[in-house]
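**Student:** Structure below; questions to follow.
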Amino acid sequence: AQKVTQAQTEISVVEKEDVTLDCVYETRDTTYYLFWYKQPPSGELVFLIRRNSFDEQNEISGRYSWNFQKSTSSFNFTITASQVVDSAVYFCALSELSSNTGKLIFGQGTTLQVKP
Amino acid sequence: KAGVTQTPRYLIKTRGQQVTLSCSPISGHRSVSWYQQTPGQGLQFLFEYFSETQRNKGNFPGRFSGRQFSNSRSEMNVSTLELGDSALYLCASSAGTTDTDTQYFGPGTRLTVL
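Line by line, the protein sequences give chains A and B.
All residue numbers for the first sequence refer to the numbering used here, where the first residue is 153 and numbers rise by one.
All residue numbers for the second sequence refer to the numbering used here, where the first residue is 21 and numbers rise by one.
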């Protein structure tokens, strides 16, 4: 069965600290996609990154970086030098090619609080 | 390009009533998906529409229904509201050219059932 687990419910850091958000997924498909979304207090889910199962290259975008490891079924997200504006709920999500058109399976989310 | 828009942003209803939520996708996007977000269950997939056809459906009772119009705008209807239907309802649009296109979300409609 497909599943996404974000074991960290809440993380609190002080500004400028680095922080890693963990994501572990389960799927039987060989072709799938992984996503990270950010949900600020306003409620809208903001797309951050999409990764397909055949591309294990790590990615860096400014202060954000993602580490995809198929061997451990993990897709972790690191924020370097965190800022107060990074405070939000972050969701990891899975989309399978086989039978789940238009369906994202979300983890429970990690609430990140960055204190000044 | 304008993002996904949802109306209304807030709704208060009483048990037993019905409600209709609206979603306008990003221009050119043909797929619209709906999700329910609650503190207890998190984000759960309701259904997905493409070219006015429902292509996928989550595990929700028949009280939850939707439709899509020829301009790709979508509506979601919940009949005979229950207290447990109080949630943030999010709609997302994608190009629909592949089954796993990136979904872009709207701001949501917060429904409170009293």
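Glycine included, C-beta positions come from ideal geometry on N, C-alpha and C.
Since the structure is predicted, the reported quantities are computational estimates derived from the model, not experimental observations.
Following a CB-centred definition, is glycine 259(A) positioned closer than 6 angstroms to any heavy atom of the ligand GTP?
**Tutor:** For the structure depicted, the ligand GTP is absent and the ligand set is empty, with no information on it obtainable.
**Student:** Could you pull out every residue in the same chain whose Cβ sits closer than 6 angstroms to the Cβ of serine 44(B), ignoring the five residues on either side in sequence?
**Tutor:** Position 24 of the second sequence, counted from the first residue, corresponds to residue 44(B). Hits under 6 angstroms: Thr25, Arg93.
**Student:** If contact is defined by three or more beta carbon pairs under 8 angstroms, each pair taking one atom from either stretch, is the region 34–53 of chain B in contact with the region 93–106 of chain B?
**Tutor:** Yes: the two stretches touch, three or more of their Cβ pairs being nearer than 8 angstroms.
**Student:** Closer than 7 angstroms by beta-carbon distance: list the chain B residues that pair up with phenylalanine 199(A), in chain order.
**Tutor:** Reading the first sequence from its first residue, position 47 is the one you call residue 199(A). Correct list: Thr122, Tyr124.
**Student:** Starting from arginine 202(A), find everything on chain B with Cβ-Cβ shorter than 7 angstroms and list it in chain order.
**Tutor:** Locating residue 202(A) in the first sequence gives position 50, where the first residue counts as 1. Neighbours of arginine 202(A) on chain B, chain order: Thr122.
**Student:** Within a Cβ cutoff of 7 angstroms, which residues of the same chain sit near glycine 128(B), ignoring the five residues on either side of it in sequence?
**Tutor:** By one-based count along the second sequence, residue 128(B) stands at place 108. The answer, listed in chain order, is Gln26, Leu108, Tyr109, Leu110.
**Student:** What did DSSP end up calling lysine 77(B) once you bin it into helix, strand or coil?
**Tutor:** By 1-based counting over the second sequence, the position of residue 77(B) is 57. It is a strand residue.
**Student:** Just to confirm my understanding: we take lysine 77(B), look at its own chain, exclude 5 residues before and 5 after, and list those with CB closer than 7 angstroms. What are they?
**Tutor:** Taking the second sequence and counting its residues from 1, one reaches residue 77(B) at position 57. Cβ-Cβ distances below 7 angstroms link lysine 77(B) to Phe67 in the same chain, with the five nearest sequence neighbours on each side left out; the list follows chain order.
**Student:** Between arginine 35(B) and leucine 101(B), is the Cβ-Cβ spacing less than 7 angstroms?
**Tutor:** By 1-based counting over the second sequence, the position of residue 35(B) is 15. By 1-based counting over the second sequence, the position of residue 101(B) is 81. In this structure, leucine 101(B) lies closer than 7 angstroms to arginine 35(B) by Cβ.
**Student:** Does DSSP put serine 135(B) in a helix, in a strand, or in coil?
**Tutor:** No statement about residue 135(B) is possible, as the shown extent of chain B runs from 21 to 134 and does not include it.
**Student:** How about glutamate 162(A) and threonine 263(A): are their beta carbons less than 7 angstroms apart?
**Tutor:** Counted from its first residue, the first sequence places residue 162(A) at position 10. Counted from its first residue, the first sequence places residue 263(A) at position 111. Their beta carbons are under 7 angstroms apart, which means glutamate 162(A) touches threonine 263(A) by this criterion.
**Student:** When DSSP labels each residue in this structure, what does leucine 134(B) get in the three-state scheme?
**Tutor:** Against the second sequence, residue 134(B) aligns to sequence position 114. Coil.
**Student:** What residues match up with proline 162(A) in a beta bridge as DSSP calls it?
**Tutor:** For the purposes of this step, residue 162(A) is taken as residue 10 along the first sequence, with counting starting at 1. According to the sequence shown, residue 162(A) is glutamate rather than proline. Thr263(A).
**Student:** Do you know how far the Cα of phenylalanine 243(A) is from the Cα of glutamine 235(A)?
**Tutor:** On the first sequence, position 83 is the one that residue 235(A) refers to. On the first sequence, position 91 is the one that residue 243(A) refers to. Looking at the two C-alpha atoms, the distance is approximately 18 angstroms.
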